[in-house]
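In full-length UniProt numbering, the protein residues as written are 1 to 401.
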Amino acid sequence: MKPKTNYTKSGDFNIAYQVIGEGSIDILYIPGWVSNIDMMWAEPRLAAFLTRLSLFSRLIIFDKRGTGLSDRSDEYSTMEERMDDINAVLDATNSKKAFLFSHSEGGSVSLLFSLNYPQKTIGVIGFGIFAKRRYSKDYPWAPTDEEREISNKAIEDNWAHGNLDGLKLLVPSLAHDSAFLDWLASYLRSGGSPKAALILHKQSVKIDVTGILGSIKVPTLLLFRKEDLDILVEEGRYLAEHIPNSQLVELNGKDHLFWTGDTYLILAEIEEFVTGIRPNKSEFQSTKQKSSKTGIDLGIVMSENFLYNLKVEEFAKLCGRSLSAFKRDFKNTFNTTPFRWLKAKRLEYAKTLLLESDLNVNQICYESGFKNNSHFIQSFKEKFKFTPNQYKSKSISKIHS
């Protein structure tokens, strides 16, 4: 079952986090580009991977500022602000010291944090991470400015509906699995709006930790798939060459996502690095099979994701059901159709925002999951007999009468 989502303050930003497991050693997972900690648990492979980590640790996961369930931002966040977010989550969970497990774009801040806060860092674990994201003669694996402009344009053109061909490059082992690719596209959209995704993508050009690598003192485990097309294994070799006390493990496979493909060796390397004990494969398979049998609660998934602008087919995938099974189970659970339930749920949320927030009607429309302001106002009036502004004025008058 998905763990409880909590919030902590980092400056003026609310940072969403979850804690899984009760181990004596803490692992803080720092995600890549965008994430959504609630939706992670709707993907069985990812849920099984995180569950396995929590069996030998206390696993802490969070959405960085600007993504997922954390507060959004229209501005670039600095590395210092991102380190502040990590500190805020560690403080909120009473974690004195933790392993930092990072993926892709999350790797640079984990390395920088370990240098600035060695007293809080037991070690760094990086899967498919990089030192910089702008081409130079001494780092030729990063994209050129021309290549970056092409990818920026692809995000602008395809984010709303998902560029499945682009996603296939991230996970070749599941390129044939349309259901997984649809979920991945939905997950990325829930992790960041088109504008937020583009801001974060452009921000990565500014990342360059090459100058600090030689000063890192904590043990570092680097995990790279040899045929990863997104972050090349040569980047892992560069990191291993420049970080003292680092260990590079090159794995077979092409997937840039750590939870797809053959995950046994990845989990085994992490567990041995953290605990000093390497699990045997039979133990791992037993845990994996047990995790995969866990059902996905339709009511929980819907109640926690109704604000996202997803199609009914996408909600079905989040709930681990075919469209027909989803509609059948939905009717049995809520005694109505998904469309009517979503509309009613969003309108109730909008009513709450009208009374308890300072947002204007246009802002409330989009915060409540509606796409069109006039449709929102019309739907609100049909349900509550007043327009949003009339309803708010009437409620305020009652309070002061």
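All residues carry an ideal CB built from backbone N, CA and C; glycine is no exception.
- Message: Between which two residues does the beta strand (DSSP E) holding LEU28 run?
- Response: Sequence index remark: in the sequence shown, residue 28 carries index 28 (1-based). Here the beta strand (DSSP E) through LEU28 covers 26–30.
- Task: Check whether the Cβ atoms of VAL89 and ILE27 lie closer than 8 Å to each other.
- Result: Stepping through the sequence shown from its first residue, residue 89 is reached at position 89. Stepping through the sequence shown from its first residue, residue 27 is reached at position 27. No.
- Task: Quick one: grab the DSSP three-state call for PHE384.
- Result: Within the sequence shown, residue 384 is the residue found at index 384, counting from 1. DSSP, read as helix, strand or coil, puts PHE384 in helix.
- Task: Ignore the nearest five residues each way along the sequence and tell me which others in PHE56's own chain have a CB closer than 7 Å to its CB.
- Result: The residue you call residue 56 lines up with position 56 of the sequence shown. The residues are GLY23, GLU271, VAL274, THR275.
- Item | Minimum length 4: unbroken alpha helix (DSSP H) runs contained in the stretch 167–201 | With a minimum length of 4 residues, the continuous alpha helix (DSSP H) runs that stay inside the stretch 167–201 are 178–191.
- Query: For ILE15, does the three-state DSSP call read helix, strand or coil?
  - Reply: As a working note, residue 15 is residue 15 in the sequence shown. DSSP places ILE15 in strand when its eight states are reduced to three.
- Which of helix, strand or coil does DSSP assign to HIS256? The sequence position of residue 256 within the sequence shown is 256, counting from 1. Of the three classes helix, strand and coil, the one that applies to HIS256 here is coil, per DSSP.
- Give the secondary structure of GLU80 by DSSP, where H, G and I count as helix, E and B as strand, and everything else as coil. Within the sequence shown, the letter at position 80 stands for residue 80. In this structure, DSSP gives GLU80 a helical state, which the three-state scheme calls helix.
- Message: Alpha carbons only, please: which of LEU181, GLY68, THR8 is nearest the one belonging to VAL34?
- Response: Your numbering for residue 34 matches position 34 in the sequence shown. The candidate whose alpha carbon is nearest that of VAL34 is GLY68.
- Message: Just verifying my parser: in three-state terms, what is the DSSP assignment at ILE231?
- Response: On the sequence shown, position 231 is the one that residue 231 refers to. Correct three-state label for ILE231: coil.
- Closest by CA to ILE30, which one among ARG189, ALA48, ALA98? The residue labelled residue 30 in the question sits at position 30 within the sequence shown. Taking each of ARG189, ALA48, ALA98 in turn and checking the Cα distance to ILE30, the smallest one comes out for ALA98.
- Message: Quick test of your reading: LEU248 and GLY236, contact by CB under 8 Å. State the CB separation rounded to the nearest angstrom.
- Response: Translated into positions along the sequence shown, residue 248 becomes position 248. Translated into positions along the sequence shown, residue 236 becomes position 236. Approximately 5 Å separates the beta-carbon atoms of LEU248 and GLY236; this is inside 8 Å, confirming the contact.
- ALA98 lies in the beta strand (DSSP E); which residues open and close that run? Along the sequence shown, one-based indexing puts residue 98 at 98. From DSSP, the beta strand (DSSP E) with ALA98 extends over 98–103.
- Query: Quick one: what's got a C-beta closer than 6 Å to GLU382's C-beta in the same chain, skipping five residues either side?
  - Reply: The count along the sequence shown starts at 1 and reaches residue 382 at position 382. Sequence-distant Cβ neighbours of GLU382 in its own chain, meaning closer than 6 Å and more than five residues away, do not exist here.
- Expressed to the nearest angstrom, what Euclidean distance is found between the alpha-carbon atoms of ARG340 and ARG328? Here residue 340 refers to the residue found at position 340 when the sequence shown is read from its first residue. Here residue 328 refers to the residue found at position 328 when the sequence shown is read from its first residue. Roughly 14 Å between the two C-alpha positions.
- Item | DSSP bridge partner residues for THR220 (one or two, in chain order) | To locate residue 220, count along the sequence shown from 1; it is residue 220. VAL124, SER246.
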